[in-house]
Amino acid sequence: MGLNKLVDARDQRFVLFEMLGLDKLSTMPRFSEFDRDTYEATLELAEQIAVGQVYPINMETDRTGVKYDPATRNVKVPEPYKPAMAAFNESGFPGISNDPEIGGMGMPVTMNIACNEFFNAGSIAWNMFSILSGGALNLVKNFYNGADKDIIIGKMIEGKWSGTMCLTEPDAGSDVGALKTKAIKQADGTYKIIGQKIFISAGDNDMYENIMHPVLARIEGDPAGTRGVSIFLVPKFLVNSNGTLGKSNDVVCTGIEHKMGIHGSPTCSLSFGDNGECTGYLMGKEREGMKIMFQMMNEARLQCSNQALALSSSAYLHAVTYAKNRKQMPHVTKLQDAGAPSVAIIEHPDVKRMLLWMKTHVEAMRMTTYFTSYNIDVAHNAEGEEAKEAAALVDFLIPICKAGNSDISWEVTSQSMQVYGGYGYCCDYPVEQLARDSKILALYEGTNGIQSIDLMTRKLLMNRDQYFFNVFRKRVQKTIEEAKGVVDYKYISPLVRAMDKMDELIDMLMKNLASGRLMQIFISATPFREAMTMLTHAWMHLWSLTLAAKKMRELVGDLKGEERDKFIHENTEAAFYS
Numbered sequence: 002m003g004l005n006k007l008v009d010a011r012d013q014r015f016v017l018f019e020m021l022g023l024d025k026l027s028t029m030p031r032f033s034e035f036d037r038d039t040y041e042a043t044l045e046l047a048e049q050i051a052v053g054q055v056y057p058i059n060m061e062t063d064r065t066g067v068k069y070d071p072a073t074r075n076v077k078v079p080e081p082y083k084p085a086m087a088a089f090n091e092s093g094f095p096g097i098s099n100d101p102e103i104g105g106m107g108m109p110v111t112m113n114i115a116c117n118e119f120f121n122a123g124s125i126a127w128n129m130f131s132i133l134s135g136g137a138l139n140l141v142k143n144f145y146n147g148a149d150k151d152i153i154i155g156k157m158i159e160g161k162w163s164g165t166m167c168l169t170e171p172d173a174g175s176d177v178g179a180l181k182t183k184a185i186k187q188a189d190g191t192y193k194i195i196g197q198k199i200f201i202s203a204g205d206n207d208m209y210e211n212i213m214h215p216v217l218a219r220i221e222g223d224p225a226g227t228r229g230v231s232i233f234l235v236p237k238f239l240v241n242s243n244g245t246l247g248k249s250n251d252v253v254c255t256g257i258e259h260k261m262g263i264h265g266s267p268t269c270s271l272s273f274g275d276n277g278e279c280t281g282y283l284m285g286k287e288r289e290g291m292k293i294m295f296q297m298m299n300e301a302r303l304q305c306s307n308q309a310l311a312l313s314s315s316a317y318l319h320a321v322t323y324a325k326n327r328k329q330m331p332h333v334t335k336l337q338d339a340g341a342p343s344v345a346i347i348e349h350p351d352v353k354r355m356l357l358w359m360k361t362h363v364e365a366m367r368m369t370t371y372f373t374s375y376n377i378d379v380a381h382n383a384e385g386e387e388a389k390e391a392a393a394l395v396d397f398l399i400p401i402c403k404a405g406n407s408d409i410s411w412e413v414t415s416q417s418m419q420v421y422g423g424y425g426y427c428c429d430y431p432v433e434q435l436a437r438d439s440k441i442l443a444l445y446e447g448t449n450g451i452q453s454i455d456l457m458t459r460k461l462l463m464n465r466d467q468y469f470f471n472v473f474r475k476r477v478q479k480t481i482e483e484a485k486g487v488v489d490y491k492y493i494s495p496l497v498r499a500m501d502k503m504d505e506l507i508d509m510l511m512k513n514l515a516s517g518r519l520m521q522i523f524i525s526a527t528p529f530r531e532a533m534t535m536l537t538h539a540w541m542h543l544w545s546l547t548l549a550a551k552k553m554r555e556l557v558g559d560l561k562g563e564e565r566d567k568f569i570h571e572n573t574e575a576a577f578y579s
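Residues in the sequence shown are numbered consecutively from 2, following the numbering used here.
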């Protein structure tokens, strides 16, 4: 575990093992074969691939981008992507959280997220292929019943076939129910798919042999709106019974977007069934498309949170490295000394302020994202009330993770550019790309405005007895109680006051709902979500500070009286601010 400019591996291990106790999941049958050594080795392998093969090609592939050939209607990805992806696939990462019975590693989702922080920090555009494929793979595993199911799963876990997520249409963005893509049922139980989709990440490429497209469409005659939407598996090439590729399935890329960032990821417009020969296979039951797709959407939103974390982490670490090496002006205490030497800009108060601000946010983003993924593992593998509460936390925290982290990522990457000064604005340095790449995170997988509305309505006001929030509150209160007597109350009191204010705010929102003041509710959605993000991050910092303070007490156990108290006080403050 060496130094890199992508992920603070020590902080990552602190969150995984000292805060969450990831290795304790081994008490669950699914994870009984794993221990901390196994997890550490897997993280180190992810770091090696990200640092050694992915990060070095990030700037180059951003400049070359993807290429679309209008004659063949095919997309070519940057060539350096292919050997890096081969290393990723050969190491088994496409199936890291999938069952060993189908070729996966069987590790916790939390490990998926932790490893992907490295890969995203290396190149978010490169890693989008595998993230989307992982989500599509889970849909195939859970909802597809075709005879070729095992073949498809095997190819996707090997990294030979990829997957996408096809929701958006020209007139159906956030309003998914307005889609026009239709499905016509055939005598053999398959469907002919006809329609267009836009903004499809990795919608076409030459890095995989075949592409599995989960496509939202409306079966002819079904109701308008979201309640009439079904979901179909549409391969780029049909699959023969022996697993070989059949003929083209009448799915073509009609163009790619020219974007601000993520240049190495093709954002495609896809046309299905121009010649009436596009075959789709129903996934799940008719008219359950939105319910099924939301499984993938929630996974994608947590991955989006992780992308935001990764870009912010890389931006911060690049800024720290630059600030340590760039020398400008004497220290502020020696400005009147004509002979004073220039010092590294990290010694200047305003630069230090920016770096500390970035560090505080990056660490909060990591704790929140990892905590949410950990609760996915608990929800899926524990029983009874423990599993129920974990699932509630996941539902409540997903929009906070996605929207909160992506908003903050834009700010962190901008601050990184500020540390670099004018050089940060230049393409010769990496941080301007991190800023460009980060902006999409607030836009795709449901804009942050939609996330805010989802949090306020479905996850809070319309949630029966506010169960989700009450579970959240209980966990925050647990941290507050554990912190008392361990850390100075000045670190506890802001969170106590924030929880009291949040209760008052929710009471006001409930009154607005009861009186039908919908405009007031919806206009408050984003400020409410921003407040919940700050509260959640404050909770995470108090939790981590309490753990650090307890550890510090253990380390200074032989000291006595005022000497011991002073050492603990000074070092816990250092742990909090440094």
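Quick reminder that beta carbons are idealized off the backbone N, C-alpha and C, glycines included. It should be emphasised that the depicted structure is a prediction, and the values quoted were computed from it without experimental measurement.
- Considered as a whole, the segment 117-197 harbours 162-164, 183-186 as its complete beta strand (DSSP E) runs of no fewer than 3 residues, in chain order.
- Judged by DSSP in its simplified three-state form, G204 adopts coil rather than helix or strand.
- By the CB criterion at 8 Å, F200 and T255 fall outside the cutoff.
- In the DSSP assignment, F529 is bridged to no other residue.
- If only complete runs of 3 or more residues are kept, the segment 388-469 shows no beta strand (DSSP E) anywhere.
- Across the structure, R37 and A380 are spaced so that their CA atoms are roughly 21 Å apart.
- The C-beta distance from Y371 to A115 rounds to 7 Å, short enough to fall under 8 Å.
- Minimum Cα-Cα distance from A539 among the listed residues T182, L138, V477 corresponds to V477.
- Collapsing the DSSP output to three states places P331 in coil.
- With a cutoff of 8 Å on beta-carbon distance, R302 and G164 are scored as not near each other.
- One Cα belongs to M157, the other to Y82, and the distance between them is close to 18 Å.
- Contact between M108 and F35 is confirmed by a C-beta separation of about 6 Å, below the 8 Å threshold.
- Bridge pairing for R219: K183, V230 [DSSP].
- For I114, DSSP assigns no beta-bridge partner whatsoever.
- Taking a C-beta distance under 8 Å as the contact criterion, I194 and V216 qualify as a contact pair.
- A straight-line Cα-Cα distance of about 15 Å links E45 and N121.
- Here the C-alpha atom of K502 lies approximately 20 Å from the C-alpha atom of M463.
- Taking 8 Å as the upper bound for CB-CB distance, R474 and M500 are in contact here, some 7 Å apart.
- Per DSSP, N75 is one residue of the beta strand (DSSP E) stretching across 75-77.
- For V52, there is no enclosing alpha helix (DSSP H), as DSSP marks it with neither H nor E.
- Per the C-alpha coordinates, the member of M20, A404, L283 positioned closest to K186 is L283.
- By the beta-carbon neighbour count (other beta carbons within 10 angstroms, threshold 16), P236 is buried.
- Around the beta-carbon of G517, fewer than 16 other beta-carbon atoms lie within 10 Å, marking it exposed.
- At the C-beta level, F397 and F470 come within 8 Å of one another.
- One thing to note: S439 has its Cβ no nearer than 8 Å to the Cβ of L560.
- Exposed is the label assigned to Q329, since fewer than 16 other Cβ atoms lie within 10 Å of its Cβ.
- It is roughly 17 Å from the alpha-carbon of D149 to the alpha-carbon of S249.
- At a Cβ-Cβ threshold of 8 Å, Q308 and W358 do not count as neighbours.
- In summary, V240 is buried, with 16 or more beta-carbon neighbours lying within 10 Å of its beta-carbon over all protein chains present.
- Here DSSP, grouped into helix, strand and coil, assigns V557 to coil.
- Between T373 and C402 the beta-carbon gap is near 5 Å, inside 8 Å, which marks them as a contact.
- In this structure, the CA atom of K460 is about 15 Å from the CA atom of D504.
- Listed as beta-bridge partners of P236 by DSSP are M213.
- Three or more Cβ pairs closer than 8 Å define a contact, and the segment 426-441 meets that threshold against the segment 257-264.
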